[in-house]
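If you want it as structure tokens, here you go:
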């Protein structure tokens with residue numbers, strides 16, 4: 001029953017935002033076959049970007065290592081450091097950061 005509550009809350013959180021990422025990635029160490037590889041996160045994301053065609057600025061990334069979130073942020077991916085894993089608060093923070101970054105990116109393109 002707890003999973004249904006979390007799912008319902010996550011869907012409510014999603015409903016709060018007008019702009020959503022096209023791709024959300026959670027720490028890639030053991031996930032996302034066939035993109036799985038034992039290399040740096042930049043290579044993971046380059047492979048994902050080539051296969052999906054989704055631009056980095058349309059991605060949201062959660063990871064427990066600051067070096068990974070810093071590196072991916074420099075590539076244009078909205079990145080969130082989650083030291084204790086992703087929970088609903090961190091999920092909401094990630095979506096909020098993504099919306100802020102998207103608005104800033106849109107403003108730059110308009111000028």
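In UniProt numbering, the protein residues as written are 1 to 111.
Where is the CB? At the ideal position from N, CA and C, for every residue including glycine.
All figures in this text were calculated on a predicted structure; none of them were measured in a lab.
Would you decide whether residue i is buried or exposed? Buried here means 16 or more other CB atoms lie within 10 Å of its CB.
| i | result |
| --- | --- |
| residue 95 | buried |
| residue 100 | exposed |
| residue 60 | buried |
| residue 58 | buried |
| residue 55 | exposed |
If contacts are defined as beta-carbon pairs under 8 angstroms, then residue i and residue j qualify, I think. What distance do you get, rounded to the angstrom?
| i | j | result |
| --- | --- | --- |
| residue 71 | residue 42 | 6 angstroms |
| residue 66 | residue 82 | Contact flag wrong, Cβ pair sits at about 10 angstroms. |
| residue 91 | residue 13 | 6 angstroms |
| residue 9 | residue 88 | 5 angstroms |
| residue 52 | residue 16 | At roughly 25 angstroms, the Cβ-Cβ gap does not stay under 8 angstroms, so residue 52 and residue 16 are not in contact. |
Beta strand (DSSP E) containing residue i: first to last residue?
| i | result |
| --- | --- |
| residue 26 | 23 to 26 |
| residue 62 | 59 to 63 |
Please tell me whether residue i and residue j are closer than 9 angstroms, where the distance is taken between their beta carbons.
| i | j | result |
| --- | --- | --- |
| residue 69 | residue 80 | yes |
| residue 25 | residue 48 | yes |
Starting from residue i, trace the alpha helix (DSSP H) both ways and give me its first and last residue.
| i | result |
| --- | --- |
| residue 46 | 41 to 52 |
Any beta strand (DSSP E) of 3 or more consecutive residues that is wholly inside the region 67 to 109:
Here the runs fully enclosed are 78 to 81.
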